[in-house]
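Beneath this line is the structure, given in structure tokens, with notes to follow.
2 protein chains.
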Amino acid sequence: MVRRTKAEAEQTREQILDAAEAVFLERGVARASLEEIAQVAGVTRGAVYWHFRNKADLFDAMYCRVHLPMQDLFDQVMTLADGGAVEALKAFCAQSLQCLATNSRRQRVYTILFHRCEFVDGLRESNNRLVAIRDSWLGSMEDLFRREQSLGRLTDVCPRLAAITIHTAMIGIYFDYLRSPHTYDLPAEAPRLIDLVFRCVD
Amino acid sequence: MVRRTKAEAEQTREQILDAAEAVFLERGVARASLEEIAQVAGVTRGAVYWHFRNKADLFDAMYCRVHLPMQDLFDQVMTLADGGAVEALKAFCAQSLQCLATNSRRQRVYTILFHRCEFVDGLRESNNRLVAIRDSWLGSMEDLFRREQSLGRLTDVCPRLAAITIHTAMIGIYFDYLRSPHTYDLPAEAPRLIDLVFRCVD
DNA sequence: TACTACATACATTCGCGTTTGTTTGCCATT
DNA sequence: AATGGCAAACAAACGCGAATGTATGTAGTA
């Protein structure tokens with residue numbers, strides 16, 4: 145069986161990405177072999193090298209699959225300029241955690257990002273892109289808090305520090321939850337956690 | 145030159161640990177070879193295998209070198225039972241960040257822990273130990289907040305959630321700072337950051 | 001027919017764990 | 001106080017597997 149139709153080829157690509165998630169999660173990105181990924185996907189390394197240049201390219205594609213929808217949602221939240229911006233941000237954070245707790249793909253991919261990869265060698269550029277996303281999100285949140293201040297709210301906290309606090313708080317929850325998910329009941333605790341976190345910018 | 149005195153052997157051990165820090169940081173733990181570590185330390189792999197069983201053992205020793213002093217300090221802070229416990233915890237957190245910003249060894253080791261290693265295969269047991277430390281610290285902080293409640297403070301927040309919030313906030317700051325240190329002025333911002341974080345348990 | 005979408009084969013590199021060899025510090029014995 | 005033996009503290013060599021990138025083969029499709 146060779147030379148599938150375009151749709152079949154796209155399906156093969158998705159199978160390889162699914163396999164990459166599983167193998168990265170189990171072995172870690174560095175020790176994961178493209179051979180094993182191919183086997184899990186039911187193909188050979190030839191197929192992997194056809195769809196992706198190398199392991200780093202595969203990694204990027206895997207990450208994009210879960211990041212792009214979230215990026216869209218974030219942009220949507222940030223562009224609303226009315227008074228309830230902080231509440232909208234808060235809702236976004238809560239929903240993000242809820243999604244993390246229920247969507248197993250997001251769970252796998254973010255576990256890989258936080259606990260199963262080393263950003264050196266081939267993944268240096270991937271890391272640069274992640275840092276750029278961080279800077280962008282941080283900047284957007286800082287702008288949000290600055291706008292809030294111009295409306296007379298939050299007069300006693302620096303917008304940048306507020307943004308950093310919220311950002312690092314979310315990072316910390318992601319990191320800690322994905323390290324030991326069984327110690328959390330995230331669907332139940334997420335709202336109260338977010339409430340606590342946002343008390344510092346209230 | 146073989147068979148050094150005990151003091152010289154201990155110095156060799158320290159040199160190997162120093163080299164491991166440097167190589168782990170540059171290549172990541174998985175892609176770091178014991179050969180390169182030995183070279184940087186000015187010895188051969190024979191010396192490395194004499195002092196450590198394997199890479200994971202070397203990793204553990206490297207981590208212990210920075211963790212044990214901090215653990216002592218934490219225990220000291222937690223055992224004081226008077227009324228200023230939260231303030232003491234707050235001071236500990238601030239000092240922890242200050243130390244991270246100024247102590248280059250701590251910076252290297254925690255950068256490795258957060259961004260340069262995959263906790264799979266040989267590092268699974270190391271990870272278990274890290275999780276055990278987390279559980280212990282979290283438990284201590286929960287006890288602290290519970291004691292605080294029995295004194296009539298913080299009556300509106302769950303002690304466990306308060307502990308999780310502080311813990312994840314610190315984790316997040318560590319993670320984010322070590323990912324892009326140049327975007328922070330940690331010595332200057334640490335106190336204000338900690339102030340903001342602790343507003344949610346005040 | 002030309003190109004896509006793979007499979008197969010090849011060459012090379014690299015790192016690990018172990019084993020063996022060597023020299024010297026240290027301690028018991030006389 | 002001298003000495004002999006043992007083990008510490010490494011160095012050097014061996015054997016092995018495993019993974020990567022590329023090059024080539026091949027069948028179906030448009």
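Residue numbers (the numbering used here), protein chains in the order written: chain W, 145 to 346; chain V, 145 to 346. Glycine is no exception: its CB is placed at the ideal position from the N, C-alpha and C atoms.
Here the stretch 335 to 343 of chain W does not lie against the stretch 212 to 220 of chain V, with fewer than 3 beta-carbon pairs under 8 Å apart. When DSSP states are grouped into helix, strand and coil, Arg-260/W belongs to the coil group. When the alpha-carbon of Gly-228/W is set against those of Glu-262/W, Phe-319/W, Leu-295/W and Asn-272/W, the nearest one is in Leu-295/W. Bounds of the alpha helix (DSSP H) holding Phe-319/W are 303 to 323.
For a cut-off of 8 Å, the C-beta gap from Pro-331/V to Thr-246/V is around 7 Å, short enough to register as a contact.
Leu-295/V carries a coil assignment under DSSP once its states are collapsed to helix, strand and coil.
Just so you know, the alpha carbons of Leu-178/W and Leu-161/V end up roughly 32 Å apart.
Within the stretch 249 to 268 of chain V, contact with chain W at the beta-carbon level (separation under 7 Å) is assigned to His-259, Arg-260, Cys-261, Glu-262, Phe-263, Val-264 and Asp-265.
The beta carbon of Lys-234/W sits closer than 7 Å to those of Ile-338 and Phe-342, all from its chain and outside the five residues before and after it, given in chain order. For Leu-305/W, the closest alpha carbon among the candidates Phe-319/W, Arg-323/W and Met-285/W is that of Met-285/W. With respect to the 8 Å criterion, Val-192/V and Ile-256/V are not classified as neighbours on the basis of their beta carbons. Apart from sequence neighbours up to five positions away, the residues of its chain that approach Thr-299/V with a beta-carbon distance below 8 Å are Gln-293, ordered along the chain.
The C-beta separation of Val-210/V from Arg-249/V comes to about 6 Å, placing the pair in contact by the 8 Å criterion. In this structure, the beta-carbon distance from Phe-258/W to Tyr-207/W does not fall below 8 Å. Under a criterion of Cβ atoms nearer than 8 Å, the residues of chain W adjacent to His-311/V are, in order, Gly-316 and Asp-320. According to the DSSP assignment, Asp-339/W belongs to the alpha helix (DSSP H) that extends over 330 to 342.
Collapsing the DSSP output to three states places Asn-247/W in coil.
Residue-level contact by beta carbon fails for Glu-180/W and chain V, as no gap is shorter than 8 Å. In the structure shown, the three-state DSSP call for Phe-196/V is coil. A residue is called buried when at least 16 other Cβ atoms come within 10 angstroms of its Cβ; Gln-155/V does not meet this threshold and is exposed. Counted as a single uninterrupted DSSP element, the stretch harbouring Val-345/V is not any alpha helix (DSSP H), since DSSP gives it neither H nor E. The beta-carbon separation of Arg-260/W and Leu-169/W, rounded to 6 Å, stays under the 8 Å limit for a contact.
Contact between Val-301/V and Leu-340/W holds, with the beta-carbon distance rounding to 7 Å and staying under 8 Å.
Distances from the alpha-carbon of Asp-204/W to those of Phe-263/W, Met-314/W and Tyr-328/W put Phe-263/W closest. Residues of chain V whose Cβ lies closer than 7 Å to the Cβ of Arg-343/W are, in chain order, Arg-343 and Cys-344. With respect to chain V, the C-beta atom of Ser-324/W has a partner C-beta closer than 8 Å. One finds nothing in chain V with a Cβ atom closer than 7 Å to the Cβ of Gly-283/W; even the nearest lies about 11 Å away. By the neighbour-count definition (other C-beta atoms within 10 Å, threshold 16), Ala-313/W is a buried residue. Going by DSSP, Leu-178/V is part of the alpha helix (DSSP H) stretching over 178 to 185. Put simply, the CB of Leu-212/W is far from chain V, with every gap to its CB atoms at 8 Å or more.
Nearest neighbour of Gly-186/V by Cα position, chosen from Glu-158/V, Asn-272/V, Asp-329/V and Leu-212/V, turns out to be Glu-158/V. No Cβ-Cβ contact shorter than 8 Å links Ala-200/V with Arg-189/V. Residues of chain V whose Cβ lies closer than 8 Å to the Cβ of Leu-305/W are, in chain order, Glu-333, Arg-336, Leu-337 and Leu-340.
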